[in-house]
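Heads up: the sequence shown at position 208 corresponds to 666 in my numbering, and the numbers run straight through without jumps.
Think of the CB as a built atom: it goes at the ideal place given N, C-alpha and C, for glycine as much as any other residue.
Quick notes on the structure that follows.
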Amino acid sequence: MIFSNTSNYMLKYQKAKAKLVEYDIPQKDYPKFPLNSNELSYPVVYILSRYAESVIENNIADMEEFSPHLVAASQYFDAAVGANDRAEYDVDFLLSGAASYFLSDDFGSAKVLCSEYFARINPETNVPQKIMGNLLGYLLLNRDFHISEDTPYGEKVCRSLLAYYNTGKGAEEIQNLLSEYRKVIYENDAPMEIYYVDILCAIVTVALSKSSWSLLPRYSELDQSLWSDYLKSPKAPRMLWPAQQLIGEKGVLRGQSAIVQLPTGVGKTKSIELIIRSSFASDRATTAIIVAPLRALCNEIANDMISAFGDEVLVNQFSDVLEEDFSLDLFLSLKSKILICTPEKLRYIIHHQADFLDEIGLYIFDEGHMFDDGSRGAIYELLISEIRGHISWGEQIILLSAVLSNAEQIQKWLLGEAGVLASDPKIKATPKMIGFASQTKDIHYYSNDSAQEDFYVPRSIEVIALQKRPREKKQRYFPELTDAKDIAIYYANKLCKNGGAAIFANRTSTVLTVINRIIELRDRGHDLAEIKGNSDGEEMNRLAQLMSDYYGEQHPYTIACYLGVVPHYSNLPNGLRLAVEHACRNKALRLIVCTSTLAQGVNIPIKYLFMTSFMVARNSMQIRSFQNLMGRTARSGMYTEGSVIVTDPRLFDNRNNRINGGNLRWNDCTKMFDSSASEPCGSSILSLVQDIVIDYQAGFIGSEVAKFIIENYGKNDCFNQLISELSSALLERYPSKTNNNIAELVSFRKHTMEAIENHLCFVFSNDENTDRQAIASEICKETLAYFMANDDEKALLERIFDIIALKISEFDHSQLKNYARTMIGIDLSLQIEKWIAENHLTQQNYTNEQLVKILISFFLETHTLKKEIGCFADICQMWLDGCSFVEMHECTSLPIADLEDICSKSISYELSFFVGNIIDIIEINDEDIVNPLPNLLLLQRRLKYGVKTETAVSVCEKIFNDRFLANLLADKIGHDAIEANSIVGVMKSHKEDILDILSAYPTYFSERVQWICKD
459 MIFSNTSNYM
469 LKYQKAKAKL
479 VEYDIPQKDY
489 PKFPLNSNEL
499 SYPVVYILSR
509 YAESVIENNI
519 ADMEEFSPHL
529 VAASQYFDAA
539 VGANDRAEYD
549 VDFLLSGAAS
559 YFLSDDFGSA
569 KVLCSEYFAR
579 INPETNVPQK
589 IMGNLLGYLL
599 LNRDFHISED
609 TPYGEKVCRS
619 LLAYYNTGKG
629 AEEIQNLLSE
639 YRKVIYENDA
649 PMEIYYVDIL
659 CAIVTVALSK
669 SSWSLLPRYS
679 ELDQSLWSDY
689 LKSPKAPRML
699 WPAQQLIGEK
709 GVLRGQSAIV
719 QLPTGVGKTK
729 SIELIIRSSF
739 ASDRATTAII
749 VAPLRALCNE
759 IANDMISAFG
769 DEVLVNQFSD
779 VLEEDFSLDL
789 FLSLKSKILI
799 CTPEKLRYII
809 HHQADFLDEI
819 GLYIFDEGHM
829 FDDGSRGAIY
839 ELLISEIRGH
849 ISWGEQIILL
859 SAVLSNAEQI
869 QKWLLGEAGV
879 LASDPKIKAT
889 PKMIGFASQT
899 KDIHYYSNDS
909 AQEDFYVPRS
919 IEVIALQKRP
929 REKKQRYFPE
939 LTDAKDIAIY
949 YANKLCKNGG
959 AAIFANRTST
969 VLTVINRIIE
979 LRDRGHDLAE
989 IKGNSDGEEM
999 NRLAQLMSDY
1009 YGEQHPYTIA
1019 CYLGVVPHYS
1029 NLPNGLRLAV
1039 EHACRNKALR
1049 LIVCTSTLAQ
1059 GVNIPIKYLF
1069 MTSFMVARNS
1079 MQIRSFQNLM
1089 GRTARSGMYT
1099 EGSVIVTDPR
1109 LFDNRNNRIN
1119 GGNLRWNDCT
1129 KMFDSSASEP
1139 CGSSILSLVQ
1149 DIVIDYQAGF
1159 IGSEVAKFII
1169 ENYGKNDCFN
1179 QLISELSSAL
1189 LERYPSKTNN
1199 NIAELVSFRK
1209 HTMEAIENHL
1219 CFVFSNDENT
1229 DRQAIASEIC
1239 KETLAYFMAN
1249 DDEKALLERI
1259 FDIIALKISE
1269 FDHSQLKNYA
1279 RTMIGIDLSL
1289 QIEKWIAENH
1299 LTQQNYTNEQ
1309 LVKILISFFL
1319 ETHTLKKEIG
1329 CFADICQMWL
1339 DGCSFVEMHE
1349 CTSLPIADLE
1359 DICSKSISYE
1369 LSFFVGNIID
1379 IIEINDEDIV
1389 NPLPNLLLLQ
1399 RRLKYGVKTE
1409 TAVSVCEKIF
1419 NDRFLANLLA
1429 DKIGHDAIEA
1439 NSIVGVMKSH
1449 KEDILDILSA
1459 YPTYFSERVQ
1469 WICKD
């Protein structure tokens, strides 16, 4: 056996040695390893050499024999460098490791080691080694390929390789030259040269077999000439990575619709680019649309597409304001187009211009597992259903997700026989080392088997006594060995010099708790020097400036910036999130304290993720949510491995405790790391007929709840009555359960029903067929919910769609068209109609102040805020006036966290959306005296962004979305009413003044202005 159990233990010991160095453990504290892992050097060199020979000779049997051991070899070489005990061989270990990773198809890890190789390269390297390093740098790092003139054959090989990657021709000549070169090296009889020339030949053989020049024409069934200009450009991939090969092999590049289920960080962005390029090159499409669930993710995708395509195509990212800021005139451009938006925006566009879909030839849905994403899930499912029914044989739909465990089921529903599932378990994300903290101060690492520990790092924590505060008697220590947050902070400080770190907090309040503890440590004389020292001080000062403008100089977030720490969560102002992510990507900061928003597609280089808890609100985190979060660590090409460290010591220390349930909590925790245990993607619509779960004790039968809704749906108080009845039934059986989530669960069902209602209004408004019940039944049967349901659930779903259709049948075609545009249920649409008439909006002139006042009053009548707030109108006005959170706090005495929530959710989203509903229902007739629409449209956008003027709105929509800086720049420009289509020109004319203002703020903003204003 080439790699025995003993070899596996030696590999674990080698990894352990690397971890000991990583944790700065003194050598005197190293555990006594029973085996000398250095002796594994010979077997791994043998594995790499023999595999290289088998590739050269095309010996399939030997390739199959040695291939499974290549991963172990690459990990050994990698760990050998990390162990730092044979530094004289580091260059050889790095290049051998890069080659092993490359030959095992892990191009991302090969790229990391290759980059490290060039940082340490020895100018005295032998010629085959030099050529191999240059080739890997050319293929993986986009470095120039230097011609080696040391030997005639070496020079010929280099020139032929360079010629091939410039023209796509001459692959056979390369192989012939390599064969001759290999003979010459063998004749010299220098062992290291022979070792490297074989690996070089194998790498060239593999690289040519995966060459873009070869594979893209084949996969797309397009002539090479159609790819030629692109492949000659520096932006083109010189090889296709495994994920891109998979989509090619599945026919996606020749127009096959597909569900693409692949791990995070395996080349998705480049795959999207290639899918779009092949679609445009074949004339299957002239317009592609990419749909992503978050504005931040849309921003990232838009930047990626602009970077990839440049001026070749028109890239248009719609704003996420639900307003008519789009036009079908867009399609008059002769250029191909890539449109980018959220699902809600696409739904809005379709409901306002149904023929918009006629222009789209390629649909790409990123993070396509949203079918059961709360109230958004129903909207997403109905949107996909609508598109699914609209596309013809020539159009293509791609749905991508990293966490779709039931991808095959989704594929059968969405695509049937007309599409494919592109998934391969052999394509894996960068490996993660899973560590568990213990009160013994050790950290225990596991890999695949939660019953078998790989190794441990001893005495990795040094507890220190903290300074006492005045009149304080009790001695306090750091870290507290029972406190998960303390342990996370300690390890983050110890490890962040090796790469970016994130401390996961299960709620926003915990983010503040962690940051307050970091500040307390400083105040008690303990300086977290590594966190601060490994950050860019100037950039952190800039972040602190913007943080101060929002939260005040004395707020913990501002103080934390000076210490090298920043928060990241959903309610953090958008501009701050963008600046934080940019700073992370540029390694200007090393520690963020974040909630699960980190899992939502944000691409930042995190090496260490510290899990302080697996709870979100009152529930355990979904496995698939955690898998998505874990996927953000160690992105391919950034690191060769990531670390997820569970910092609650009770989980490990009590893992064998059967009396108090420690073993159960341990099993629940370790299951989180098992991707095969991930929950299947469900359907929010299907949940209408499924059981309601209150907690582990209490719940309600779903069919009974569904029947209640069906029987009472025509009543105005249907859902309030349902809340009352469920609450009474629960408290009768469990009197102590007064703090329950029944209202939230019923509200979710109400919103789901309204989403169906609005969708049916849209369908009926575009279909003159009078048999609305029959249409509703057909739409029901086309949903994912119906596809997944059992027979009883199907019957209930049909009844639900039927009862909604019955309600809608009372309204005529023109009414339905209006109601469909609002994106809300009919009941609220009727209330809006009545309110417009009673307030004479088209007959009476209102000042802006009067308009805001009556709108807020109406909003509060029709919406339930999470917290009763008497000063809501004042907060709205301060939001519109551009006030900071600290100013709002001083005026209202409300906690800043509450103000964030009110502004982000109740005002920026709900109130802005509500104003859009009113805009959609207002009809201007010849006899009307006043047209309130311009004022309402501007007000809607100001509410969305929290800015004072139209100019500031335009900055948010076209330059960057930061309300404080948008107001600042608008004041500098000096004009209040600059429209979005003019703002770039105005920015160019004020560029130097604007850059001067922005020099005090995070570099993201000045770089964005430089890019926008480039000639």
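| Item | Value |
| --- | --- |
| Separation of G1432 from M596, as counted between CA atoms | The question names Met, but residue 596 in the sequence shown is Tyr. Taking the straight line joining both Cα atoms gives about 50 angstroms. |
| Cβ-based burial, C869 [other Cβ within 10 Å; buried from 16] | One point to set straight first is that residue 869 is Gln, not Cys, in the sequence displayed. Buried, by the Cβ-count rule. |
| Spatially closest choice to M998 from E875, L1242 and T1461, by CA coordinates | T1461 |
| Exposed unless 16 or more other CB atoms sit within 10 angstroms - verdict on N757 | buried |
| Cβ separation of E541 and K475, assumed to be a contact under 8 angstroms, to the nearest whole Å | Per the sequence shown, the amino acid found at residue 541 is Ala instead of Glu. Yes, they are in contact, since the Cβ atoms of A541 and K475 sit about 4 angstroms apart, within 8 angstroms. |
| Residues near N1061 in its chain [Cβ-Cβ closer than 7 angstroms; skip 5 each side] | E758 and R1093 |
| Residues of its chain near G983, where Cβ-Cβ distance is below 6 angstroms and the 5 sequence neighbours each way are ignored | Q925 |
| Test item: CB-CB of R508 and F491 under 7 angstroms | no |
| Simplified DSSP assignment, three categories, for T1128 | helix |
| V771 beta carbon less than 7 angstroms from that of I796 | yes |
| C-beta atoms of Y481 and S765 nearer than 7 angstroms | no |
| Reduced DSSP category for M1346 - H, G, I as helix; E, B as strand; rest coil | helix |
| Spatial neighbours of A812 in its chain, beta-carbon cut-off 6 angstroms, leaving aside the 5 residues before and after | N1224 |
| Candidates L1391, T888 and L1255: closest to V724 by CA position | T888 |
| Inter-residue spacing [alpha-carbon to alpha-carbon] between R1230 and K803 | 27 angstroms |
| Beta-carbon proximity list for R1191, same chain, < 8 angstroms, skipping 5 on both sides | A1156 |
| With 16 other Cβ atoms within 10 Å as the buried cut-off, status of D1153 | exposed |
| Contiguous alpha helix (DSSP H) assignments of at least 4 residues, all confined to the region 461-522 | 463-480 and 499-514 |
| Candidates I1387, A750, L620 and A1435: closest to S606 by CA position | L620 |
| Spatial distance of Y838 from K726 (CA atoms) | 21 angstroms |
| Span of the alpha helix (DSSP H) around I589 | V585 to L599 |
| Beta-carbon separation (whole angstroms), L1474 vs I1365, contact threshold 8 angstroms | Within the shown structure, residues of the chain are numbered from 459 to 1473, placing residue 1474 beyond reach of any answer. |
| Beta-carbon gap between I807 and T745 smaller than 7 angstroms | no |
| Beta carbon of P1025 nearer than 7 angstroms to that of Y1008 | no |
| Contiguous alpha helix (DSSP H) assignments of at least 4 residues, all confined to the region 940-987 | 942-953 and 966-981 |
| Where Y547 sits in the DSSP three-state scheme | helix |
| Member of V710, K952 and D830 whose CA lies at the smallest distance from the CA of G877 | V710 |
| Boundaries (first-last residue) of the beta strand (DSSP E) holding M1246 | Looking at the DSSP string, M1246 is not in any beta strand (DSSP E); the run it does join, the alpha helix (DSSP H), is L1242 to M1246. |
| Reference M590, options L528, E645, H527 and T663, closest by Cα | T663 |
| Residue range of the alpha helix (DSSP H) that includes D1420 | Neither: D1420 is in no alpha helix (DSSP H) and is coded neither H nor E. |
| Opening and closing residue of the alpha helix (DSSP H) in which N1170 lies | G1160 to N1170 |
| Assumed close pair A1438, S1412 - CB separation to whole angstroms, cut-off 8 angstroms | 4 angstroms |
| Q1302 - DSSP class collapsed to helix/strand/coil | coil |
| F565 vs W699 beta-carbon contact at 7 angstroms | yes |
| Segment contact flag, the region 965-979 with the region 1300-1315, C-beta cutoff 8 angstroms, min 3 pairs | no |
| Cβ-based neighbour list, N1115, same chain, cut-off 8 angstroms, excluding 5 preceding and 5 following | N1121 |
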